[in-house]
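**Student:** Okay, here's the structure, questions in a sec.
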Amino acid sequence: MAADIPATPSLLRGPLAALQDTLSRHYRRLGALSRMLRFRVAASDSWMDRQAHRARPDRVLGIQIDGDVRAVLELYGLGDGHAEIGLSVEDAYQNRGLGRTLFRAGLRAAREMGVETADLFFSQSNTAIMKIVSEVGAEIRDQQGDRWASIRLL
Ligand SMILES: CC(C)(COP(=O)(O)OP(=O)(O)OC[C@H]1O[C@@H](n2cnc3c(N)ncnc32)[C@H](O)[C@@H]1OP(=O)(O)O)[C@@H](O)C(=O)NCCC(=O)NCCS
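In case it helps, the numbering used here puts the sequence shown at residues 584 to 737.
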């Protein structure tokens, strides 16, 4: 593995339309496998655009490198103290520590929102995210080829 990239995640602010444009650019730079792992469908560019412009995340955190946002975490409050997390790192920047750094920053942001339990769905083949969530003590359940991780924040 190459050396980790030092990175500071930040909360992305601005109008929803601008955040959705950022999501769209990021999603479109994901390779086929990353798209499948993130969205669990073989997503075309136009599918990604529609997904980005439908998204209404409560918080978006990003890591800027080389002039654009290369890693994105979305937090969706589901009410009742629950939130769902989705995250992705562009292929050229994966396996350099960004996913772990961003995920931990996402949990801090969720805690600040008053979230008690953060959930994340992922494929059973997704070794990297399994490692990242296991390190923070997630409860893991298998669900028909997918996995569900639940992290208590309080
Ligand atoms: C999952 C994902 C966010 C991880 O981000 P990342 O920056 O690549 O991961 P990190 O570099 O922080 O690595 C975390 C751990 O996973 C391991 N890892 C990373 N990529 C791996 C791979 N392809 N296979 C096996 N292990 C891997 C790393 O070795 C590291 O463990 P270590 O520090 O003990 O060596 C990223 O791979 C990604 O965007 N994947 C596509 C979208 C996705 O799967 N999203 C999650 C579901 S919503």
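A virtual CB, placed ideally from N, CA and C, is assigned to each residue, including glycine. All figures in this text were calculated on a predicted structure; none of them were measured in a lab.
Please say whether Leu661 and Phe686 have beta carbons closer to each other than 8 Å?
**Tutor:** Taking the sequence shown and counting its residues from 1, one reaches residue 686 at position 103. Taking the sequence shown and counting its residues from 1, one reaches residue 661 at position 78. Cβ atoms of Phe686 and Leu661: not closer than 8 Å.
**Student:** In terms of alpha-carbon separation, which member of Gly664, Arg621, His665 and Arg612 lies closest to Asp651?
**Tutor:** For the purposes of this step, residue 651 is identified with residue 68 of the sequence shown, where counting begins at 1. Looking at the Cα atoms, Arg612 is the closest of the given residues.
**Student:** Measuring only from the beta carbon, is Arg642 closer than 7 Å to any heavy atom that is part of ligand 1?
**Tutor:** Position 59 of the sequence shown, counted from the start, is the residue given in the question as residue 642. No, ligand 1 has no heavy atom inside 7 Å of this Cβ.
**Student:** How big is the Cα-Cα spacing for Leu703 and Leu690?
**Tutor:** As a working mapping, residue 703 is identified with position 120 in the sequence shown. As a working mapping, residue 690 is identified with position 107 in the sequence shown. One C-alpha to the other measures close to 11 Å.
**Student:** I'd like to know if the stretch 629 to 637 and the stretch 675 to 686 are in contact, where contact means that at least 3 CB-CB pairs between them fall below 8 Å.
**Tutor:** With a cut-off of 8 Å on Cβ pairs, the stretch 629 to 637 is not in contact with the stretch 675 to 686, counting fewer than three such pairs.
**Student:** Identify which residue in Leu644, Thr684 and Met696 has its Cα closest to the Cα of Thr605.
**Tutor:** As a position in the sequence shown, residue 605 is number 22, starting the count at 1. That would be Leu644, whose Cα lies nearest to the Cα of Thr605.
**Student:** Short of 8 Å in beta carbon distance, which residues of its chain neighbour Glu667, apart from the five on each side in sequence? Order them along the chain.
**Tutor:** Within the sequence shown, residue 667 is the residue found at index 84, counting from 1. The answer, listed in chain order, is Leu658, Tyr659, Leu661, Ala701, Asp702, Leu703 and Phe704.
**Student:** Does the distance between the C-beta of Arg653 and the nearest non-hydrogen atom of ligand 1 fall short of 7 Å?
**Tutor:** In the sequence shown, the residue the question calls residue 653 occupies position 70. Outside the cutoff, so no.
**Student:** Near Ala711, which residues of its chain fall below 8 Å by C-beta distance, leaving aside the five closest residues on each side in sequence?
**Tutor:** Indexing the sequence shown from 1 puts residue 711 at position 128. Result list for Ala711: Gln677, Asn678 and Gly682, in chain order.
**Student:** Just how far apart, CA to CA, sit Ile646 and Gln726?
**Tutor:** For the purposes of this step, residue 646 is taken as residue 63 along the sequence shown, with counting starting at 1. For the purposes of this step, residue 726 is taken as residue 143 along the sequence shown, with counting starting at 1. Roughly 31 Å separates the two Cα atoms.
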